[in-house]
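*Asks:* Positions in the sequence shown are counted from 1; adding 27 to them yields my numbering. Let me give you the structure first, and then I'll get to my questions.
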Amino acid sequence: MICAIVAFTMFVSGCAVSRLSSIRQKMAAGQYAAARQELLAIPVGSLSPSERREVKDDICLSEYMLGEPSYSIGERRRVCADAASEPGSQSAQFVQKLDDEIRRSSYEKVNAALASGDLAGAEQAAQVYVGTPGADRAVVAKWSHQMWELVNQRDHRLEPRHKKKELAAAIQSVRKQYPAVRKMSKEEFMSWVAKQGNIEGTRMFASVALNDKELDLAIARPELPMASLKLDRLSTINDATVARCGCDGRTNVGVAETNFPLYLVRLDPETQRSEVLILPHRQ
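Have a look at this one:
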């Protein structure tokens with residue numbers, strides 16, 4: 028039995044070596060599609076470390092050279108990153124090239140989307156850029172500012188033109204509901220807001236900032252699912268913001284890691300309660 032197993036192992040190994048010789052010829056001739064098919068048919072578990080590295084490197088190279096539409100840039104990066112994890116691999120250079128291509132492509136998509144006022148498209152492309160090694164944080168900060176500018180423009184454009192009397196009545200109604208908040212100092216109010224974001228011992232807000240009649244809240248990415256289930260807390264917090272300043276206050280909620288827009292909370296004069304506007308965001 029042992030002899031049979033050894034013989035079978037030697038046979039498989041010999042077949043692999045023979046296949047690698049055929050594959051090398053195809054790779055040298057630029058026949059990447061045919062070479063890739065043969066590479067995928069080789070049982071990787073039967074290879075030596077150097078042979079396994081060669082097979083993975085060749086799969087990376089073949090997919091990189093074939094490119095789209097056969098293989099998406101995400102698929103090529105995954106394959107090449109896996110190959111690069113092998114000791115002595117030559118695939119790291121392709122991972123870097125693909126990262127450069129992803130950053131360049133997403134950079135162009137974000138700028139084009141912002142120029143056309145497409146907040147959802149800009150945020151989606153920006154997330155790809157942020158998730159790619161080598162992303163420029165200054166560029167991300169610039170995009171964040173531009174995204175909030177789009178939010179402000181939409182807010183002013185789509186906001187119903189209520190009479191001042193209706194808005195004043197809504198503000199007064201909210202102020203009556205939060206008499207204690209009206210007496211709070213800035214520090215006390217920010218502490219109160221932070222406590223409102225404490226959900227069963229978990230802090231929902233990574234940061235709280237108050238500037239005149241605007242409250243800025245940041246939510247870390249791991250807490251985004253929890254925040255989506257606690258929108259009533261955001262409404263309550265903005266009501267309190269309005270009550271404290273006696274004005275048409277607003278609450279801006281962004282993602283802590285990027286400050287990309289997440290929610291905008293405004294007082295609705297008709298319901299006399301703050302409403303949460305869910306902004307385009309890919310979690």
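Even for Gly, the Cβ is constructed at its ideal location relative to N, Cα and C. Just so you know, these numbers come straight off a predicted model, no measurement behind them.
1. Which same chain residues, not among the five before or five after tyrosine 290, have their C-beta less than 7 Å away from its C-beta?
2. Hey, could you find the ends of the alpha helix (DSSP H) aspartate 243 is sitting in?
3. Kindly list the residues whose CB is nearer than 8 Å to the CB of arginine 80, restricted to its own chain and excluding five residues on each side of it in sequence; keep chain order.
4. What first and last residue would you give for the beta strand (DSSP E) that runs through arginine 277?
5. Is it the case that the stretch 150-160 contacts the stretch 131-138, given that we only count it when at least three CB pairs across the two stretches are under 8 Å?
6. Going along the chain, which residues of its own chain have a beta-carbon closer than 6 Å to the beta-carbon of alanine 61, five neighbours each way excluded?
7. With aspartate 275 and leucine 244 assumed to form a contact (beta carbons below 8 Å), what rounded beta-carbon distance in angstroms separates them?
8. On the DSSP bridge assignment, give the partners of alanine 236 in chain order.
9. Start and end of the beta strand (DSSP E) containing valine 303?
10. Measuring straight from C-alpha to C-alpha, what distance separates threonine 36 and valine 71?
11. Among all the DSSP beta bridges, which residues are the ones paired with arginine 293?
12. Have a look at the DSSP bridge pairing and note the partners of threonine 229.
13. In chain order, which continuous runs of the alpha helix (DSSP H) of length 4 or greater are located wholly inside the stretch 151-198?
*Replies:* By the coordinates alone:
1. Leu261, Val280, Val303, Leu304, Ile305 and Leu306
2. Not the alpha helix (DSSP H): aspartate 243 falls in the beta strand (DSSP E), residues 241-246.
3. Ala110, Glu113, Pro114, Gly115 and Ser116
4. 277-282
5. yes
6. Lys53
7. Rounded, the Cβ-Cβ distance is 18 Å, inconsistent with contact.
8. Asp243
9. 300-305
10. Any reading at threonine 36 must be qualified, since the residue scores a pLDDT of 41, below 50, and its modelled position is unreliable; the value itself is stated next. Distance between the alpha carbons of threonine 36 and valine 71: 13 Å.
11. Arg277 and Glu302
12. Ile226
13. 164-185
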